[in-house]
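Numbering (the numbering used here), first residue to last: 491 to 860. Heads up, the beta-carbon is just placed ideally off N, CA and C, and yes, glycines get one too. Here the structure is a predicted model, which is why all the values come from computation and not from measurement. As structure tokens, the structure follows; a few thoughts come after it.
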Amino acid sequence: MDTMSENKINGLTESFTRDEYNSPEIFNLEMEKIFGTNWCFAGRTDQLAHIGDRLVVDIGNESILILRNRENELRAYYNVCQHRGSRLCDASGSGFGAAITCPYHSWSYSLDGALVATPLHEKDSIDRETLGLKSVHVDQWQGCLFVSLQTNPPALTDWLENHYSRPRELEKFDMSSLRTARTTIDEVSANWKVLAENYSECLHCAVVHPELVDLVPIYKTGKTIQDDRQDWGVSLAQGKTSLSHNPNETLALLPAMEELDEYSVFGAFVYPNMLIDISPTVAVLTRYVPRSPTHTTIYTDYLFPKSVVDDKTLDLEPTISFSDMVNQQDIAVSERVQRGVSSKSFTRAYHTKMERYCHQLIRRYRSEIS
Ligand code: FES
Ligand SMILES: [Fe+2]
């Protein structure tokens, strides 16, 4: 039996409530039970190309420091000094050397998290061995970094299998071989679930994304998959070869695109905070970082084949700005929703049958938050 059927009203299924979009208490619960438990998308491995490179990211309510150590392995720690608790690192980047030094009293840690220096104290006067950084799990898939704050998380690939959007089928596009040409950051006045619901349906596409539906005709119907395709790809309009303001781009195709019968786009929401959008010439990776019930930071990476990024004569602007235009259209409607769901007149949202991936999102959310 459909587990949501008890909540069906006049053909609609109940969605999130006003409190679930606005309450600080529920937001804190989400940070603990959803972002503090799942693997969360945290960035790209090419941001940690060299030994000692650092990435500072927010996962749930925590600041996490991700590093590449001397053995070329990834390491992640709570970004907290073990002396008196100061935040250790503020910024991501390179060139910090092989030690992490606290800006307060200059205690230093190795890239493996061991406390190695405590200035003004005799070496043996402090039991350094007990004062290493507290580590968290980090792993990578397709060149994407994931962090889990859980003590014993499932293997990342097993966890990825457990998604209705089937992200592992996108491995054929070999995203680890792609390079980031640009990253954009948007500060958005909307709950992260408003954004995730918006991504999970295409009923709005014909209204909100006229340029996109001209290039991807199935989206005009509100559908996100084609019944005549088993691979969950959707076809570009006849004669179009790319999602771009110049829809006949001659940029190199992503790996495996050549083998498809048609120019196609693919998408997956990797719950709770990652979107993957693949089109013939660009892979767009989106990362949600919830800041409060009504504010989310969105990081968007635009990935192309290395040969494209290295060739400075190529113009990537028509491709990047097309995706950014669609992104801004989604942000505008999501902020509009957030203003509406904050009204005291609003009690809860509803989904129609065609918003079935929103149902999947809510099912998983409810199973984790309860
Ligand atoms: S709090 Fe970091 S060295 Fe004192
Ligand atoms: Fe959209």
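- The beta carbons of residue 582 and residue 546 sit about 5 Å from each other, so the pair counts as a contact at 8 Å.
- Just so you know, the alpha carbons of residue 796 and residue 614 end up roughly 50 Å apart.
- In this structure, the straight-line span from the alpha carbon of residue 809 to that of residue 777 is close to 19 Å.
- Remark: fewer than three beta-carbon pairs, one from each stretch, lie closer than 8 Å, so the stretch 652-664 and the stretch 821-832 are not flagged as touching.
- Checking the DSSP bridge columns, you'll see residue 677 partnered with 787.
- Contact check for residue 695 against residue 705 fails: the beta carbons are separated by 8 Å or more.
- Judged by their CB atoms, residue 556 and residue 538 are nearer to each other than the 8 Å cut-off.
- A direct Cα-to-Cα measurement between residue 850 and residue 654 gives close to 7 Å.
- Assignment of residue 524 by DSSP, reduced to helix, strand and coil, places it in the coil class.
- Per DSSP, the beta bridge partners of residue 669 are 794.
- Excluding sequence positions up to five before and after residue 534, its CB lies within less than 7 Å of the CB of 633, 634, 635, 670 and 791, all in the same chain and listed in chain order.
- Here the C-alpha atom of residue 570 lies approximately 6 Å from the C-alpha atom of residue 576.
- Among the bridge pairs identified by DSSP, residue 635 is matched with 533 and 630.
- When the beta-carbon positions are compared, residue 764 and residue 531 come within less than 8 Å of each other.
- For the pair residue 510 and residue 691, the CB atoms are not nearer than the 8 Å cut-off.
- A buried status is given to residue 767, since no fewer than 16 other beta-carbon atoms sit within 10 Å of its beta-carbon.
- Residue environment analysis places residue 572 among the buried positions, since at least 16 neighbouring C-beta atoms fall within 10 angstroms of its C-beta.
- Per DSSP, reduced to three states, the secondary structure at residue 583 is strand.
- For residue 722, the CB contacts under 6 Å within the same chain, skipping 5 residues up- and downstream, are 715 in chain order.
- In this structure, DSSP gives residue 757 an extended state, which the three-state scheme calls strand.
- Relative to ligand 1, the beta carbon of residue 848 is positioned no closer than 7 Å to any heavy atom.
- Linking residue 612 to residue 600 through their CA atoms gives a straight-line distance of about 18 Å.
- When only Cα atoms are considered, residue 585 and residue 542 end up about 7 Å apart.
- When rounded, the separation of the alpha-carbon atoms in residue 737 and residue 807 is 12 Å.
- The distance from the Cβ of residue 550 to that of residue 515 is about 15 Å, inconsistent with a contact at the 8 Å cut-off.
- For residue 854, the enclosing alpha helix (DSSP H) stretches over residues 846-859.
- Of the heavy atoms belonging to ligand 2, none sits nearer than 7 Å to the Cβ of residue 841.
- Contact between residue 507 and residue 837 holds: their C-beta atoms lie close to 7 Å from each other, under 8 Å.
- Under the 10 Å beta carbon count, residue 647 is surrounded by fewer than 16 other beta carbons and is classified as exposed.
- Between ligand 2 and residue 820, a heavy atom-to-CB distance of less than 7 Å is present.
- Closest in C-alpha terms to residue 781, from the list 499, 707, 501 and 525, comes 525.
- In the same chain as residue 684, and ignoring 5 residues on each side of it, the C-beta atoms closer than 6 Å to its own belong to 824, 827 and 828, in chain order.
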